[in-house]
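The structure appears right after this line, and notes come after that.
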Amino acid sequence: MVKTRFAPSPTGNLHIGGARTALFNYLFSKHKGGTFVLRIEDTDIERSKEVYVQDILQGLGWLGIDWDEGPHFQKERMDIYREHAYRLLREGCAYKCYCTPEMLEEKRKVALKEGKKPTYDRTCRDAHDRASDMPHVIRFKAPLTGEVSFNDLVRGTISFRCEELDDLVILRSDSTPTYNFTVVVDDALMGITHIIRGDDHINNTPRQILIYRALNYPMPEFAHVPLIHGKDRSRLSKRHGATSLLEYRNEGFLPEALMNYLARLGWAHGDQEIFSREGLIEMFDLPNVGKSPAIFDMDKLLWLNGHYIKTLPLEDVAERLVPFLEGLGLAISNREMLVPITANLKGRARTLKEMAQMAAFFFLDDVAYEEAAKQKFLTPATKPILENFLEGFKGLRSIDEDEQKRLIENMARDYNTKLVNVIQPIRVSLCGRTVSPGIFEVIGILGRETVEKRLRRAIEAIS
RNA sequence: GGUCCCAUCGUCUAGUGGCCCAGGACGCUGGCCUCUCACGCCGGAAACACGAGUUCGAACCUCGUUGGGACCA
């Protein structure tokens, strides 16, 4: 039975990179019919914040990555880590180290000066007075020679020489456990079979393997996926605007689009670009994950988001649009208009936020005219066009597209001009700007009364 | 600096020795459609980092170089 986990530290928001790691774990476990665990690694009391925990939980929930088990909190498991540390001590796999920070700093300087590596010199490793109650840390006793290697599911065999590894601290002098120790204890106890994480952890892996062995717990599989990079090719961080996932939600992205994008970033299944959640679960597997870091590309995300806006059920998109309209302070007087408006705008907007902005004029009878549009199309010269149109419009038997079109075509003929010259003044009158959906559709949605009202207002605005 | 990892169009990638003088997608660009703007459709430019080697044959295998990244300090 496959079991994966996502184990973020609540020291920051859940950003794109973390979300992708979570997604890969989620997809892999579902693909294999296994379970997915969420664990919050909040042992760093200083930097861990409840708001970040909430951000992570909400972000995952919004994306639609739900966990089968957890969230577990490491803070609540401190005793377990201590027990394990003392067990290693008892069994001779660890030792108490009484070196003070000052001593260590001194040794580091000396080593550096002599051109040696600044690793711990193992002074206390073979000392005998282990009963002392003086302040001490507990260090893991790493093998002095040999090699640690593992088969990474995305990279293949990776090996490290033990000479490179030093005796890392597993329990600090204040009795708090360190990162490399807690992960191993938790992953082992929770029965995690596949550890899928960012490749910034590759260097931690050999130490962790050694701890697994010392603890005599079954070894999981490892898969290190490349990090997502910013445009400057360095790891995505705050200065790239690596903000919360929820930020994407607020900007009007759809979780379907983001999931699709994240999955395709560093993973592919032939030439296919569009994947539903179900499709991803069916197709996703580790061997297809790329080895090199990927750069986040907003343009492609926008394109995908536009694709989902176009293809998701209209009613659904309309429903999701509402909060964005409200966000603009618009009173949605007529909910009947929502679906037709969505149908109109879905081909033009790439985000829900954009769509709301484009839709604003539908809800505002006293729509503001863009200055340039007004200068050009609401002038004494176009006034008669608007007056004639209003007159003709009132006499229309119905306002379906054919009727409207006939009226405007006749006018264009009378004025001996092109359709566009008749339409633009009308468009500005109704929408306040020169860009909008097709004018016949706009009129159809607005309805007789509103159209007449807005035309009159525009005519007045000229004089 | 040490260790480890990576390397196909600007970007995401397909490609696992002959199907590739390299395919798809975003972006860019020319055109069509058209009441504006989009959508859509048709077309175009654009890449195997470099050098050796293995082989009848290399984007694919090996070595080196260069470049990039991560971690540690």
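Number 550 marks the last residue of the first sequence (my numbering); no jumps.
Beta carbons are placed, not taken as given, at the ideal position from N, Cα and C, and that holds for glycine.
Note that the coordinates shown come from a computational prediction; the quantities given were computed from them, not determined experimentally.
query	result
Of the listed residues Ile-546, Val-124, Asp-253, Tyr-185, nearest to Phe-464 (C-alpha basis)	Ile-546
Glu-234 classed as buried or exposed, judged by whether at least 16 other C-beta atoms fall within 10 angstroms	exposed
Secondary structure of Thr-429, DSSP reduced to three states	helix
DSSP three-state assignment for Arg-544, whether helix, strand or coil	helix
Status (buried if at least 16 other CB within 10 Å, exposed otherwise) for Leu-551	Residue 551 lies beyond the residue range present for the chain, which begins at 88 and ends at 550; the question has no answer from this structure.
Boundaries of the beta strand (DSSP E) in which Phe-237 is found, first to last residue	234–239
Coil, strand or helix - Gly-41 by DSSP	Outside the shown range of the chain, which is 88 to 550, sits residue 41, and nothing can be said about it.
Contact under 8 angstroms by Cβ, Cys-249 with Cys-211	no
Contact check, Tyr-182 vs Arg-226, beta carbons under 8 angstroms	yes
Extent of the continuous alpha helix (DSSP H) to which Pro-293 belongs	292–302
According to DSSP, residues forming a beta bridge with Tyr-182	Arg-226
Helix, strand or coil at Phe-362 [DSSP, three-state]	coil
Cβ distance (whole Å) where Leu-506 is taken to contact Ile-495 below 8 angstroms	6 angstroms
Three-state secondary structure (DSSP) of Leu-246	Here residue 246 turns out to be Ser, not Leu, going by the sequence shown. It is a strand residue.
Residues near Pro-95 in its chain [Cβ-Cβ closer than 6 angstroms; skip 5 each side]	Gly-105, Ile-143
Element boundaries [alpha helix (DSSP H), containing Glu-128]	Where Glu-128 is concerned, there is no enclosing alpha helix (DSSP H), given that its DSSP letter is neither H nor E.
Simplified DSSP state of Lys-90, which is helix, strand or coil	strand
Three-state secondary structure assigned by DSSP to His-316	strand
Cβ-based neighbour list, Glu-528, same chain, cut-off 7 angstroms, excluding 5 preceding and 5 following	Asn-431
Residue from Asn-303, Ile-510, His-311 with nearest C-alpha to Ile-289	His-311
DSSP beta-bridge partners of Arg-164	DSSP, once it has assigned bridges, lists no residue as partnering Arg-164.
Per DSSP, cross-strand counterpart(s) of Ile-513	Answer is none; Ile-513 lacks a bridge partner.
Counted within 10 angstroms of its Cβ, other Cβ atoms place Ser-331 as buried (16 or more) or exposed	buried
Assigned secondary structure, Phe-123 (DSSP; H/G/I helix, E/B strand, else coil)	strand
Selection from Arg-126, Ile-132, Glu-338, Leu-175 that minimises the alpha carbon distance to Asp-155	Arg-126
Anticipated Cβ contact below 8 angstroms, Asn-347 with Leu-391, distance rounded	6 angstroms
Where Ala-551 falls, given that 16 or more other Cβ within 10 Å makes a residue buried	Lying before the first or after the last residue shown, residue 551 is absent from the chain, which here runs from 88 to 550.
Contained beta strand (DSSP E) runs [length at least 3] in the segment 393–427, N- to C-terminal order	none
Where Met-498 falls, given that 16 or more other Cβ within 10 Å makes a residue buried	buried
Boundaries (first-last residue) of the alpha helix (DSSP H) holding Gly-531	526–533
Candidates Gly-414, Ala-344, Arg-407, Ala-355: closest to Met-385 by CA position	Ala-344
heavy atom of the ligand NAD below 7 angstroms from Thr-280 C-beta	As for the ligand NAD, it is missing from this structure, which has no ligand bound.
DSSP three-state assignment for Gly-353, whether helix, strand or coil	coil
Local conformation of Glu-457 per DSSP, three classes	coil
Beta-bridge pairing of Gly-285 - partner residues as DSSP gives them	Val-312
Inter-residue spacing [alpha-carbon to alpha-carbon] between Lys-228 and Asp-319	40 angstroms
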